[in-house]
Ligand code: B12
Ligand SMILES: Nc1nc2c(ncn2[C@@H]2O[C@H](COP(=O)(O)OP(=O)(O)OP(=O)(O)O)[C@@H](O)[C@H]2O)c(=O)[nH]1
Ligand SMILES: [Mg+2]
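Here it is, written out as structure tokens:
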């Protein structure tokens, strides 16, 4: 292998991995990954457009075609670096990466993605793509020599691409345990895949603290996350944007820590899905952030059947990564859903936009009773002030000491997001004094 030893490549990640895996996976690396189960699990692909390239129209069409044929597509968006693409593919543990490139530099860019995948130890993640007439046949031949599986040229029917994906990546088990010298993220990615495939039937046992040698030895790197936050709210309220801003603050507050994000998007049983939260994230494209996207697979209520198992793995941390904080984003939920079971998360944040309708609608939102913090995001919109007043009155009826924050998540350095961040940290240590809060009546603290 042309790359330097693991310890040199990943100086912060030289833990003895196998010893830290939950016992069920250590004894049987294939646990939950046999062929039968594989066939009932959608193929997962990551798609993206390279850095300095905004041509996203082709990939958007191709994404829809993949989804229509039962494939789960994690879309990373456009203007993405090779490192962002490789990191996301490894964390999401996809079968392959589809890159759509129009602005040139494709020979080097595709090869760089392949090289980075190898550095992660993820040799079995394929790379394919296209770029209309901008990628010549000679370029494609060169790219294939550098490890690219296939380039599609102008005029190729969409059906041919779907068939290729299904034939190439549809019938192999995706998750032999990652090799011993693979990157932590790759190993964790594989564990999460196993957790999504077992579907609670056989090997999906929760990893127990005692199975981790690191935790038995009191190793500091095996610590549980300091804080697990569940973020829910209606579709498009700004959950992902807000989480991304919170991630930035968590990373800055603890410069060596890592943050995990578990994100959900909807899908119907047996169908494909567009898992698009990554495309809305900027700060979370960072080596210190581990993000995984899950499809709901037809389950109502905002989470996936595998959420609890995945969360257990992130909390238990068999990789010894030592996540400081875990953030869970639900699917956009409506009036009826209270997504987080007791004990699943430490704090729940309900994010809403000022456009909820009238006061009557507020009475019907179950999460306004259950959330620890309610965020009225998009406070730059005209209706925001009225919304905050109405929500505050609604919360004061609960007499639960819930918090209310007004934010503009899409604004850099927003004071409301700062306050939410302080609040989450303060709540975790039960020290409300860090919150620049003003009492607004009732039992609600409003920022
Ligand atoms: C649409 C378009 C735009 C739109 C983009 C809209 C959008 N949001 O995507 C707009 C007008 C914004 C635009 C802007 C620019 N563009 Co432009 N654009 C095009 C155009 C006309 C079509 C590209 C396209 O979407 N085709 C439709 C797809 C579906 O078909 P296809 O390309 O044949 O691809 C097939 C396969 O390759 C495959 N495929 C493609 N990607 C993938 C990915 C995967 C995973 C798979 C499996 C398959 C696959 O799918 C198709 C199936 O048949 C091309 C010219 C052309 N005719 O190709 C120029 C072109 C790509 N643009 C070009 C340029 C220069 C620009 C600008 C720099 C212009 C400028 N000076 O501002 C900007 C850059 C914008 C940016 N931020 O990057 C050049 C690139 C030149 C080069 N690389 O040498 C081109 C080639 C035009 C030209 N002849 O000069 N552009
Ligand atoms: N005006 C305004 N727009 C915002 C704000 N925060 C986010 N947005 C925009 O709202 C849209 C949806 O944001 P997301 O963060 O994707 O919302 P979401 O709740 O995660 O959406 P789903 O995951 O699809 O439910 C994007 O276009 C954001 O740019 C804000 O404070 N003000
Ligand atoms: Mg979102």
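In my numbering, the protein residues as written are -13 to 433. Backbone N, C-alpha and C define an ideal beta-carbon position, used for all residues, glycine too. Source: prediction; values computed, not measured.
Would residue i and residue j qualify as a contact pair, given that the criterion is a beta-carbon distance under 8 Å?
i	j	result
residue 120	residue 88	yes
residue 261	residue 151	no
residue 250	residue 289	yes
residue 278	residue 94	no
residue 296	residue 181	yes
residue 245	residue 236	yes
residue 114	residue 68	no
residue 211	residue 362	no
residue 287	residue 323	yes
residue 370	residue 321	no
residue 258	residue 80	no
residue 221	residue 318	yes
Using the three-state DSSP reduction, which class does residue i fall into: helix, strand or coil?
i	result
residue 61	strand
residue 218	strand
residue 152	helix
residue 405	helix
residue 300	helix
residue 66	strand
residue 263	helix
residue 33	strand
residue 291	coil
residue 360	strand
residue 77	helix
residue 92	helix
residue 196	Reliability fails at residue 196, whose pLDDT of 31 lies under 50, so the model's placement of it is uncertain and the value that follows must be treated cautiously. In the structure shown, residue 196 sits in a helix (DSSP, three-state: H, G or I).
residue 396	coil
residue 374	helix
residue 171	helix
residue 43	helix
residue 9	Caution is warranted here: a pLDDT of 35 is assigned to residue 9, below 50, making its placement in the model unreliable, and no coordinate value can be reported.
Give me whichever residues DSSP pairs with residue i in a beta bridge.
i	result
residue 179	Bridge partners of residue 179: none, in fact.
residue 436	Since the displayed the chain opens at -13 and closes at 433, residue 436 lies outside it and no answer follows.
residue 71	Looking at the DSSP assignment, residue 71 forms no beta bridge with any residue, so it has no partner.
residue 116	86, 138
residue 333	215
residue 353	According to DSSP, which records beta bridges pairwise, residue 353 is partnered with nothing at all.
residue 278	248
residue 315	217, 249
residue 338	362
Could you tell me how far apart the beta carbons of residue i and residue j are, in whole angstroms, since I believe they sit closer than 8 Å?
i	j	result
residue 216	residue 337	Incorrect: roughly 11 Å between the Cβ atoms, too far for contact.
residue 147	residue 139	That pair is no contact at about 11 Å.
residue 35	residue 64	4 Å
residue 116	residue 33	About 11 Å; that fails the 8 Å criterion.
residue 333	residue 410	6 Å
Query raised in the report: Counting Cβ pairs, one atom from each stretch, are 3 or more of them under 8 Å apart for the stretch 387 to 395 and the stretch 357 to 371?
Result: yes
Query raised in the report: Any chance the stretch 371 to 385 sits against the stretch 395 to 412, with 3 or more Cβ pairs inside 8 Å?
Result: no
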